[in-house]
Structure formats: C-alpha cells, structure tokens
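Student: One structure, pasted below without further comment.
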Amino acid sequence: MTFITDPNVDAVVPFVTDLLDTRTALTHMYRSYGGNWPIAFYPYYQQGVNKTINTPEFQALMKIEDPMQYLVAGQSAQFNKAKYIVNASGDDFYTSDNARFYYDALPGEKSLRVVPNTNYNGILKYVERTLITFVNRFLKNKPLPQLTATLKDDALSVTFSEKPVTVKRWTANNPEARDFRYACDVHYQGTTVTLPSNGPVNLALNSQHTGWQATFVEATFKDGFVATSRVYVTPDDVFPTAAPPVNGNFCKTLPGRGLGETVP
C-alpha cells in the first residue's frame, strides 16, 4: 500500500505476496483444494476469516486492503512505478496460479518471477541475488524484461521484450490433486527450450494426463535478471471435489466451512 500512496517510493519488489484481487484469489484457492484450505492458513482459519470471504463486511475491508481495488477506483497512475513480483512455485499459502487474477491488469513497467521448487520461507535464499539484478537495472534506467504469454487450446506462445541467454520450461505433475505445494513433495522438472531465430517460443500444454499439471516458462538474461511467465495449470477448468491427500505435517488441509453470505 505504501507503493501506491507514498510519492517517495519509486519501485517495489514484493516477495511471496501472491494475493492481489484478494477475494477472487481466495475463492480460487478454496476451489483448488476441493473446498478446503491449506494448513498454512490455520491462524486465519482459527479466527474464522475464511467464513467471511463472501460477506459485505469482507468486501468493504478489501476496498481498503486490496491494492487492486485502487486500480479499479481509477488511481492507475500510482501503479506505473517499476514492479518486480517474485513468487514461490510451491507456496504454502497461495496456489501457484494466483497471478492470473492480477498480473496482466497491472499497468506500467513490470516483471514476474516464479522461483521453482521452493516454498514460502524458502524464497529467502533468493532475495539478495534477485534484488541485485533489479536494482542494477533500476539505477541504470534499463527497462525490466517482459515475457508476454498467450494461451490458446492448450498451446502456450511466449515472446520476450529482449533476447534471453537461456529459456527453461518448468513442469510439475500431481496425479491426485490440484496441489503444487512444495511441502507435498511436488517438484518441478526443468527442461531447456531452444530459442527460435525469430518469433515466439511455442509449447504444448498437456491436458490429457491424470490429475493436474503446472507449467511456466523461465528466461535468464545477460545480466542475470530472471523473468518468468505466470503458472498455467491444466486442465484449468477442472477442480477437485475432495481434499488433497495428506503427506506429512505441512501437507495437510483444513476442512471448508463455506465462504459466508454471497455478495454481488
């Protein structure tokens, strides 16, 4: 919120804060876990926050707390500052594809990075190097690299604002649940993608496998800056009807209790 309101802030690098458009993202998370909540949500669950998501009171609160509400309210000029959003592929709190609800809507200079095979706390070991590459570009007034991805009929097409040194495709499979938490022993496998001499990188996303698959594209640039596409889950229109299997103390879910009174 400081980023939006303080004129002295010229750029922002949020780490594992993958909850813009909060009400939509929370509802998606609830559906992704079969009408349940990740165990990491326990403090909020204990307070009953999960039962208020569709209430007028929660909607009123989000008009203050959710940064995307200020964009809708016509204050988009404040969002034009440089933004480097860094998320964990296996976050304990947020589903891996939450960026779908806000990233494309953010105006101005921006770049996204999804770090493979790490969780919410594990992102800490990537902070220093990530900030160095960002600050170097910021001080040199060098634009952030952008990946533009288009998905059509399970075919992903990715273009780059500048030529990367390497490109990788990261893919994770879960045959039992739409759950890609690192704590659940779900690991992404990286494969190097050959860059065409011109034109986009084209990748086929497999929606015919058992369970669900998560995929994103990662590009590394000459100065070490890393940018990625958002995560794409296939099949995207299928949600589980039961909780994911338990796999240890940190790979559990909390039973759903509804989202509260429905609001428009």
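Going by my numbering, the first residue of the sequence shown is number 243, and it counts up by one from there.
Backbone N, C-alpha and C fix where the C-beta goes; we use that ideal spot for every residue, glycine too.
Which of the three DSSP states is assigned to Val377 in this structure?
Tutor: Val377 falls in the helix class under three-state DSSP.
Student: For Ala414, report the span of its beta strand (DSSP E) as first-last.
Tutor: 408 to 416 is the span of the beta strand (DSSP E), which, as asked, contains Ala414.
Student: Pick helix, strand or coil for Leu348, following the three-state DSSP scheme.
Tutor: DSSP places Leu348 in coil when its eight states are reduced to three.
Student: For the segment 436 to 456 against the segment 388 to 404, are there 3 or more C-beta pairs whose distance is under 8 angstroms?
Tutor: A contact exists between the segment 436 to 456 and the segment 388 to 404.
Student: Once the 5 residues before and after Ala414 are set aside, which same chain residues still bring their CB inside 6 angstroms of it?
Tutor: Result list for Ala414: Phe422, Val428, Tyr430, Ala456, in chain order.
Student: For Ala322 versus Asn340, is the C-beta distance shorter than 9 angstroms?
Tutor: Correcting the residue type first, residue 322 is Asn in the shown sequence and not Ala. Not in contact: Asn322 and Asn340 (Cβ atoms no closer than 9 angstroms).
Student: In terms of alpha-carbon separation, which member of Arg411, Ala485, Cys493, Ala282 lies closest to Val357?
Tutor: That would be Arg411, whose Cα lies nearest to the Cα of Val357.
Student: Look at the alpha carbon of Val468 and the alpha carbon of Phe458, and state the distance between them as a whole number of angstroms.
Tutor: About 13 angstroms.
Student: Give me whichever residues DSSP pairs with Thr462 in a beta bridge.
Tutor: BP columns for Thr462 point to Thr408, Val468.
Student: By alpha-carbon positions, which one of Thr483, Ala319, Val254 ends up nearest to Gly453?
Tutor: For the residues Thr483, Ala319, Val254, the minimum Cα distance to Gly453 belongs to Thr483.
Student: For the 8 angstroms Cβ check, are there 3 or more pairs between the segment 392 to 409 and the segment 484 to 493?
Tutor: Verdict: no, contact absent.
Student: With 16 other CB atoms within 10 Å as the buried threshold, where does Asn491 fall?
Tutor: It is exposed - the Cβ of Asn491 has fewer than 16 other Cβ atoms within 10 Å.
Student: Have a look at the DSSP bridge pairing and note the partners of Thr325.
Tutor: The residue asked about is misnamed: residue 325 is Lys in this sequence, not Thr. Looking at the DSSP assignment, Lys325 forms a beta bridge with Val254, Lys352.
Student: Whose C-alpha, out of Phe376, Thr337, Ile281, Asp248, is nearest the C-alpha of Thr266?
Tutor: Residue Thr337 is the option with its Cα nearest to Thr266.
Student: Which word fits Ala282, buried or exposed, when buried means at least 16 other C-beta atoms lie within 10 angstroms of its C-beta?
Tutor: Ala282 comes out buried.
Student: Going by DSSP, what residues sit across from Lys394 in a beta bridge?
Tutor: Beta-bridge pairing links Lys394 to Ala397.
Student: Check for me: the alpha helix (DSSP H) holding Thr267 runs from which residue to which?
Tutor: This sequence places Ala at residue 267; Thr is not what is there. Taken as a continuous stretch (DSSP letters only), the alpha helix (DSSP H) holding Ala267 covers 264 to 274.
Student: Who pairs with Gln288 in a beta bridge, going by DSSP?
Tutor: Partner(s): none; Gln288 has no beta bridge.
Student: Along the beta strand (DSSP E) that carries Pro249, what are the first and last residues, could you check?
Tutor: Taken as a continuous stretch (DSSP letters only), Pro249 belongs to no beta strand (DSSP E), as it is neither H nor E.
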